[in-house]
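Single-structure report; data block below.
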């Protein structure tokens, strides 16, 4: 890792070096999970809710660690230790320092819905022509983002970094670490309203990503989003917009999906058009209109970074579904839409729209949506009414907030918690059903997926 010597790491995090060390040696990796340590790596010993990383200092030195960053010095350590006040804060400072050493083009992706699937789509496209490092899973917070930056290596040409927040000023800190060269924002939805107030607040919080935007690349925004359309220029750069043809006010988006031939739950055939006579006819293997938008955004990133049309098409058609995000599962005579990872009103509506593309009986198994603030009951009731309006046949929901949802649907089945849904769900399903499963992550609706499958 370029310039990642023990002295530079200690200086970056204002740490104090204890013990003898090799002044010339550069770290091979920086990790907070002792199981991931490599010979020559640096281990950040952090105190977690369940595990204290300081307990593993001896083990990582046995595996050949170069040094350890810690809050407490162990007795007779087998290697050099960098003593700091706060290990997780040190992690951020170390990642920010390392980012300054890199020539890699960083694409920062944020938004209320679709960050992870868009990240996967962009990474798949860019990997057709470049060496790419991307966020693993959804590690997009103040621990995940620095760890992603620290996974970048000298031969990586691009890094696709997912950035998620739920408080003001959090994105500023993430932006300082990632220093994105290109920014992609998927949308501004009704999420984290408990902390951010309303969609204007969500826009303000997400827009903090521009604090440390380098301006070396571009700004790519959803042209279908009224909040994002208020952004007209940042640091002298005008946004590139993506969307559907003929569905935006004012001029058409720069990259637009046209001639959409819906293939139901198993993807869509679409023509994506853009500047400089860009045009591809592509099969998007993931389901839903939001996946079409994700693919259109990925096409914009691909062309911005110099990929050819054929490479962009191949990248879009090669993307795979991730668990818990619009993942279609065939289980016997049932079709399950596993979208259980998280939920807010914007994403739940999109998931209901996808469910309603199915043939046969349509069942939605929904759970509480968290962090919605003072309007949480109304927002849950709105989802119940929306499900009824769109033609959902059976609504099953759980959690105290979902009482409002069940009442608005008229005829829904309501249970007090996830475990009760798991016990009762198999009595409700029939052969041929398509079942949507979605709730906030804290509801643990992956248990419902497991119960049915």
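In our numbering, the protein residues as written are 9 to 461.
Where a beta carbon is used, it is the ideal one built from N, C-alpha and C, also for glycine.
### Task
Output the residue ranges of the alpha helix (DSSP H) runs that lie fully inside the stretch 45–72 and measure 4 residues or longer, sorted by chain position.
65–70
### Task
Identify the continuous beta strand (DSSP E) that holds residue 269 and give its terminal residues.
263–270
### Message
Run through the DSSP bridge pairs and tell me what residue 287 is partnered with.
### Response
281
#### Entry: Coil, strand or helix - residue 374 by DSSP
strand
### Query
What whole-angstrom Cβ distance do residue 279 and residue 262 have, given they're in contact under 8 Å?
The pair is not a contact, with the Cβ atoms about 15 Å apart (cut-off 8 Å).
### Task
Could you pull out every unbroken alpha helix (DSSP H) segment of at least 4 residues lying fully inside the stretch 133–167, listed in chain order?
152–159
### Query
Among residues of its own chain, excluding the 5 on either side of residue 188, which ones have a beta-carbon nearer than 6 Å to its beta-carbon?
114, 116 and 221
### Task
Return the chain-ordered list of same chain residues with a C-beta closer than 6 Å to the C-beta of residue 235, the five sequence neighbours on each side being excluded.
196, 207 and 211
### Query
By a C-beta neighbour count over all protein chains shown, 10 Å radius and 16 as the cutoff for buried, is residue 44 buried or exposed?
exposed
#### Entry: Residue environment, residue 353, which counts as buried when at least 16 other CB atoms sit within 10 Å
buried
### Message
Quick check: residue 307 and residue 133, are their CB atoms within less than 9 Å of each other?
### Response
yes
### Task
Between the Cα of residue 503 and those of 356, 98, 15 and 398, spot the shortest distance and give me the residue it belongs to.
Residue 503 is absent from the model: the chain starts at 9 and stops at 461.
### Message
If I measure Cβ to Cβ from residue 21 and keep anything under 6 Å in the same chain, skipping five residues before and after, which residues do I get?
### Response
92, 98, 101 and 102
### Query
Roughly how far, in whole angstroms, is the beta-carbon of residue 89 from the beta-carbon of residue 27, given that I think they are within contact range, below 8 Å?
6 Å
### Query
What's the call for residue 402, buried or exposed, on a 16-neighbour Cβ count within 10 Å?
buried
### Query
Ends of the alpha helix (DSSP H) at residue 431?
426–436
### Task
Take residue 339 and list the residues in its own chain whose beta-carbon comes closer than 8 Å to its own, dropping the five residues that flank it on each side.
460 and 461
### Message
Just to confirm my understanding: we take residue 286, look at its own chain, exclude 5 residues before and 5 after, and list those with CB closer than 7 Å. What are they?
### Response
311 and 317
### Task
Pick helix, strand or coil for residue 327, following the three-state DSSP scheme.
coil
### Query
Which of the three DSSP states, helix, strand or coil, is assigned to residue 249?
strand
### Query
With C-beta atoms as the reference, is residue 224 less than 9 Å away from residue 193?
no
### Task
Ignoring anything shorter than 4 residues or poking outside the stretch 97–137, list the alpha helix (DSSP H) runs there in chain order.
123–134
### Task
Whole angstroms is fine: what's the gap from residue 11's alpha carbon to residue 48's?
14 Å
### Task
Name the two residues that bound the continuous alpha helix (DSSP H) containing residue 421.
Residue 421 -> not in any alpha helix (DSSP H); beta strand (DSSP E) instead, spanning 421–423.
### Query
Thinking C-beta only, is residue 147 closer than 9 Å to residue 379?
no
### Task
On a CA-only basis, which of 58, 248, 163 and 335 is nearest residue 124? Give me that one, please.
335
### Task
Please go through the same chain and pick out, in chain order, the residues whose beta-carbon is closer than 7 Å to the beta-carbon of residue 253, but skip the five residues on each side of it.
260, 264, 265 and 266
### Query
Quick one: complete beta strand (DSSP E) runs, 3+ long, within the stretch 204–253?
227–230 and 248–252
### Task
Tell me whether residue 440 is buried or exposed, calling it buried when 16 or more other Cβ atoms sit within 10 Å of its Cβ.
exposed
### Query
By Cβ distance, which residues of its chain are closer than 6 Å to residue 168, with the 5 residues on each side in sequence left out?
115, 127, 130, 131 and 142
#### Entry: Boundaries (first-last residue) of the beta strand (DSSP E) holding residue 339
335–339
### Message
Less than 7 Å between C-beta atoms, sequence neighbours within five positions excluded: which residues of the same chain meet that for residue 350?
### Response
448 and 449
### Query
Roughly how many whole angstroms lie between the Cα atoms of residue 135 and residue 294?
18 Å
### Task
Measure the Cβ-Cβ separation of residue 110 and residue 39 and say whether it is below 9 Å.
no
### Message
What I want to know is whether the C-beta of residue 185 ends up closer than 8 Å to one or more non-hydrogen atoms of the ligand FMN.
### Response
The ligand FMN is absent from the structure shown, which contains no ligand whatsoever.
### Message
Excluding the 5 residues flanking residue 298 on each side, which residues of the same chain have their C-beta closer than 6 Å to its C-beta?
### Response
122 and 358
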